[in-house]
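Asks:
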Amino acid sequence: MTHIVDRAAWPRRELFDFFSPMSQPFFSVTFRQDVTRLYQFTKENRLSFYHSLVYLCTRAVNGVEAFRYALRGEDLVLFDRRNPSFTDRKPGAEQFHIVTLPMEEDIRAFCAAARAKSAAQTTFLDQEDSLDLIYFTCLPWVELTALTNERNFDPDDAVPRIAWGKYAQEGERKVLHISLELNHRFVDGLHVGRFHQELTKLIEAL
Numbered sequence: 735m736t737h738i739v740d741r742a743a744w745p746r747r748e749l750f751d752f753f754s755p756m757s758q759p760f761f762s763v764t765f766r767q768d769v770t771r772l773y774q775f776t777k778e779n780r781l782s783f784y785h786s787l788v789y790l791c792t793r794a795v796n797g798v799e800a801f802r803y804a805l806r807g808e809d810l811v812l813f814d815r816r817n818p819s820f821t822d823r824k825p826g827a828e829q830f831h832i833v834t835l836p837m838e839e840d841i842r843a844f845c846a847a848a849r850a851k852s853a854a855q856t857t858f859l860d861q862e863d864s865l866d867l868i869y870f871t872c873l874p875w876v877e878l879t880a881l882t883n884e885r886n887f888d889p890d891d892a893v894p895r896i897a898w899g900k901y902a903q904e905g906e907r908k909v910l911h912i913s914l915e916l917n918h919r920f921v922d923g924l925h926v927g928r929f930h931q932e933l934t935k936l937i938e939a940l
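Residue numbers for the sequence shown follow our numbering, so the first one is 735 and each next one is one higher.
Take a look at the structure:
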């Protein structure tokens with residue numbers, strides 16, 4: 735569900751107005767994330783590590799209200815939730831495709847739905863652009879330290895872009911870097927910190 739927000743009463747209005755005239759209001763952040771428990775959980779339950787992290791990041795995004803704001807025409811809107819749209823690749827293929835599906839409440843149900851949707855998809859993209867998505871990608875061949883995405887440059891673009899690379903073994907821990915590209919009109923560093931805290935809590939609760 736989408737709610738129209740009274741911009742005049744929005745606590746963030748002054749910051750939104752400050753960043754709005756800027757031709758490039760986007761910023762990128764990359765941080766380290768311990769994924770040891772997630773790795774163990776996916777092995778124990780025979781789940782895709784990639785699909786599982788997409789699920790957990792989607793839940794973490796939806797747990798921070800600032801990530802769910804967007805502009806729809808002249809209206810400021812707040813989504814009840816965002817849904818994942820992620821790159822994926824069939825076994826043996828070089829080309830990737832983009833899979834978009836509704837968020838499931840259970841990690842196992844989501845991984846099953848993501849696997850089935852990806853396997854059945856025969857086109858590069860099977861859904862039109864939507865404002866309520868999160869764009870995900872992964873480079874599992876390299877350790878990621880930073881990343882930027884291609885885009886049609888639109889200062890109103892509020893879709894979060896999240897990426898990660900290969901995890902590294904550090905003693906008994908597994909760590910990877912997660913990159914976020916965000917619109918500063920809607921999201922600040924404080925909200926990135928809350929996303930990181932929420933994601934860590936979700937991983938440790940598995």
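Quick reminder that beta carbons are idealized off the backbone N, C-alpha and C, glycines included.
#1: Taking the continuous beta strand (DSSP E) assigned at arginine 766, which residues delimit it?
#2: Please name the residue, chosen from Asp866, Pro889, Lys935 and Arg928, that lies closest to proline 755 on a Cα-to-Cα basis.
#3: Going by the CB atoms, is the gap between leucine 790 and leucine 910 shorter than 7 Å?
#4: Would arginine 885 be called buried (16 or more neighbouring beta carbons within 10 Å of its own) or exposed?
#5: Does the beta carbon of glycine 797 sit closer than 7 Å to a beta carbon anywhere in chain C?
#6: Tell whether a beta-carbon distance below 7 Å holds between proline 759 and asparagine 883.
#7: Over the uninterrupted alpha helix (DSSP H) stretch that includes phenylalanine 870, give me the two end residues.
#8: Taking Cβ to Cβ, would you say glutamate 932 is nearer than 7 Å to glycine 807?
#9: Between which two residues does the beta strand (DSSP E) containing glutamate 932 stretch?
#10: Report all residues from its chain with a CB closer than 6 Å to the CB of threonine 871; omit the five preceding and five following residues, and keep chain order.
#11: Residues in its own chain within less than 8 Å of tyrosine 869 by CB, not counting five upstream and five downstream?
#12: Would you identify the three-state DSSP class for asparagine 883, choosing helix, strand or coil?
#13: Per DSSP, what kind of secondary structure is serine 864 in: helix, strand or coil?
#14: Taking methionine 837 and threonine 792 to be in contact with their CB atoms under 8 Å, please state how far apart those CB atoms are, rounded to whole angstroms.
#15: Looking at leucine 940 and arginine 766, is the spacing between their C-beta atoms short of 7 Å?
#16: Quick check: valine 926 and lysine 900, are their CB atoms within less than 7 Å of each other?
#17: Alpha helix (DSSP H) containing serine 852: first to last residue?
#18: In chain order, what residues of the same chain have a beta carbon less than 7 Å from the beta carbon of alanine 847, not counting five sequence neighbours either side?
Replies: Reading from the atomic positions:
#1: If you number the sequence shown from 1, residue 766 lands on position 32. Note, arginine 766: beta strand (DSSP E), 760–768.
#2: Residue 755 sits at position 21 when you count from the first residue of the sequence shown. Answer by Cα proximity: Pro889.
#3: Here residue 910 corresponds to residue number 176 of the sequence shown, with the count starting at 1. Here residue 790 corresponds to residue number 56 of the sequence shown, with the count starting at 1. Taking 7 Å as the Cβ cut-off, leucine 910 and leucine 790 do not qualify as a contacting pair.
#4: On the sequence shown, residue 885 is found 151 positions in, with the first residue counted as 1. That one is exposed.
#5: Among the protein chains of the structure shown there is no chain C, as only one such chain exists.
#6: Residue mapping note: residue 759 aligns to position 25 of the sequence shown, counting from 1. Residue mapping note: residue 883 aligns to position 149 of the sequence shown, counting from 1. Contact flag unset, no.
#7: Along the sequence shown, one-based indexing puts residue 870 at 136. Element bounds for phenylalanine 870: not the alpha helix (DSSP H) but the beta strand (DSSP E), 867–873.
#8: Against the sequence shown, residue 932 aligns to sequence position 198. Against the sequence shown, residue 807 aligns to sequence position 73. No, these two residues do not count as a Cβ contact at 7 Å.
#9: Stepping through the sequence shown from its first residue, residue 932 is reached at position 198. Not the beta strand (DSSP E): glutamate 932 falls in the alpha helix (DSSP H), residues 923–938.
#10: Stepping through the sequence shown from its first residue, residue 871 is reached at position 137. For threonine 871, where only same-chain residues beyond five positions count, the Cβ hits under 6 Å are Thr821 and Ala897.
#11: As a working mapping, residue 869 is identified with position 135 in the sequence shown. Contacts found: Ser819, Phe820, Asn883, Val893, Pro894, Arg895 and Ile896.
#12: As a working note, residue 883 is residue 149 in the sequence shown. Reduced to three states, the DSSP call for asparagine 883 is coil.
#13: For the purposes of this step, residue 864 is taken as residue 130 along the sequence shown, with counting starting at 1. Three-state DSSP puts serine 864 in coil, outside helix and strand.
#14: As a working note, residue 837 is residue 103 in the sequence shown. As a working note, residue 792 is residue 58 in the sequence shown. Between threonine 792 and methionine 837 the Cβ distance is about 5 Å, and since that is below 8 Å, they are a contact.
#15: As a first step, residue 766 is located in the sequence shown; it is residue number 32 there, counting from the start. As a first step, residue 940 is located in the sequence shown; it is residue number 206 there, counting from the start. No.
#16: As a working mapping, residue 926 is identified with position 192 in the sequence shown. As a working mapping, residue 900 is identified with position 166 in the sequence shown. No. Outside cutoff.
#17: In the sequence shown, residue 852 corresponds to position 118, counting from 1. Note, serine 852: alpha helix (DSSP H), 841–854.
#18: Translated into positions along the sequence shown, residue 847 becomes position 113. Here the set comprises Leu835 and Glu838.
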